[in-house]
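Asker:
Protein chains in written order, with this note's numbering: chain A, 1 to 116; chain B, 117 to 230.
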């Protein structure tokens, strides 16, 4: 069975600095997708960035980028120039097609606090 | 705005009671997922419906049930409520086509069981 592990329950970073959140996963599949979701205090689930496993190039969305290491099954999120609004819970998620349906597995989250 | 609507936003009820949570998926989305997020926990997959039919089941208790109606909205029924059922319940929808599927989340229903 697939698992997603986020080993950092909490992290903090100074405003304008860079922080990296780690995520590892376990799967025997070769085709899958990986996501980072952000959950601010409002409790909304907001998609931050996604990565297709067949793509070697790391995804980038403005200040957010990933370091996808397929062989190591690692998918870390880098937040550059951290802003106070980045304070949130961040979830790593794995998705694959399974028996005709899409199966999502979420990590337990990393709580990120950006300090002024 | 994700286009996914969940009602009510908050629900407070007593142990032993039964509640119904409602979800209207994004226009055009055929698939609805239900997730439970207990305090400071990750999202636990409960159940998925596709075009009215149950597609996948996760860690859903027997006291819980769900259905998806012909208009594609979905309801999650929680019965014989216990204190431990207090959580944020998310609904998410997707198109379920052959291409990359993105989950679109509602804002959740916060259930408090007292």
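Backbone N, C-alpha and C define an ideal beta-carbon position, used for all residues, glycine too.
1) Can you give me the C-alpha to C-alpha distance between residue 76 of chain A and residue 131 of chain B, rounded to a whole angstrom?
2) Could you name each continuous beta strand (DSSP E) segment of 3 residues or more that falls completely within the stretch 135-212 of chain B, going from the start of the chain to the end?
3) Measuring CA to CA, which of A/2, A/21, A/54 is closest to residue 110 of chain A?
4) For residue 33 of chain A and residue 1 of chain A, which I take to be in contact (beta-carbon distance under 8 Å), what is that distance rounded to the nearest angstrom?
5) Just to confirm, is the Cβ distance from residue 14 of chain A to residue 88 of chain A under 7 Å?
6) Unbroken alpha helix (DSSP H) runs of length 4 or more, entirely within the stretch 1-61 of chain A: which are they?
7) Would you mind sorting residue 152 of chain B into buried or exposed? The rule is 16 or more other CB atoms within 10 Å of its CB.
8) Would you check if the stretch 54-70 of chain A and the stretch 117-129 of chain B touch, i.e. whether three or more CB-CB distances between them fall below 8 Å?
9) Nearest CA to the CA of residue 69 of chain A: which residue from A/115, A/25, A/81?
10) Since residue 207 of chain B contacts residue 148 of chain B with CB under 8 Å, what's their CB separation in whole angstroms?
11) Could you tell me the alpha carbon to alpha carbon distance between residue 46 of chain A and residue 160 of chain B, rounded to whole angstroms?
12) One question on the structure: do residue 231 of chain B and residue 190 of chain B come within less than 7 Å of each other, judged by their Cβ atoms?
13) Could one say the Cβ of residue 107 of chain A lies closer than 7 Å to chain B's Cβ atoms, at least one of them?
14) So that I know if they touch, is there some Cβ in chain B lying closer than 7 Å to that of residue 8 of chain A?
15) Residue range of the beta strand (DSSP E) that residue 67 of chain A falls in?
16) Report yes if the C-beta distance between residue 113 of chain A and residue 30 of chain A is below 7 Å; otherwise report no.
17) Taking beta-carbon pairs under 9 Å, can you tell me which members of the stretch 144-160 of chain B lie near chain A?
18) Can you check whether the CB of residue 158 of chain B is closer than 7 Å to the CB of residue 106 of chain A?
Answerer: For this structure:
1) Residue 76 of chain A sits at position 76 when you count from the first residue of the first chain. Residue 131 of chain B sits at position 15 when you count from the first residue of the second chain. Between the alpha carbons of residue 76 of chain A and residue 131 of chain B lies a distance of about 41 Å.
2) 135-140, 147-153, 160-166, 169-173, 180-184, 190-194, 203-210
3) As a working note, residue 110 of chain A is residue 110 in the first chain. It is A/21 whose Cα lies nearest to the Cα of residue 110 of chain A.
4) Residue mapping note: residue 33 of chain A aligns to position 33 of the first chain, counting from 1. Residue mapping note: residue 1 of chain A aligns to position 1 of the first chain, counting from 1. That pair is no contact at about 17 Å.
5) Your numbering for residue 14 of chain A matches position 14 in the first chain. Your numbering for residue 88 of chain A matches position 88 in the first chain. Result no, Cβ atoms of residue 14 of chain A and residue 88 of chain A do not sit closer than 7 Å.
6) none
7) The count along the second chain starts at 1 and reaches residue 152 of chain B at position 36. Buried, since its Cβ has 16 or more Cβ neighbours within 10 Å.
8) no
9) Numbered from 1 along the first chain, position 69 holds the residue referred to as residue 69 of chain A. Residue 69 of chain A has its Cα closest to that of A/25, out of A/115, A/25, A/81.
10) Counted from its first residue, the second chain places residue 207 of chain B at position 91. Counted from its first residue, the second chain places residue 148 of chain B at position 32. Cβ-Cβ separation between residue 207 of chain B and residue 148 of chain B: approximately 6 Å, consistent with a contact (criterion under 8 Å).
11) As a first step, residue 46 of chain A must be located in the first chain, where it is residue number 46. As a first step, residue 160 of chain B must be located in the second chain, where it is residue number 44. Each residue's alpha carbon lies about 17 Å from the other.
12) Because chain B spans 117 through 230 in this model, residue 231 of chain B falls outside it and cannot be assessed.
13) What you label residue 107 of chain A is simply residue 107 of the first chain in a count that begins at 1. Chain B contact via Cβ: present.
14) Numbered from 1 along the first chain, position 8 holds the residue referred to as residue 8 of chain A. Chain B contact via Cβ: absent.
15) Taking the first residue of the first chain as position 1, residue 67 of chain A is located at position 67. Counting along the chain, the beta strand (DSSP E) containing residue 67 of chain A begins and ends at 64-69.
16) Within the first chain, the letter at position 113 stands for residue 113 of chain A. Within the first chain, the letter at position 30 stands for residue 30 of chain A. Cβ atoms of residue 113 of chain A and residue 30 of chain A: not closer than 7 Å.
17) 147, 149, 151, 153, 156, 157, 158, 159, 160
18) As a working note, residue 106 of chain A is residue 106 in the first chain. As a working note, residue 158 of chain B is residue 42 in the second chain. Closer than 7 Å, so yes.
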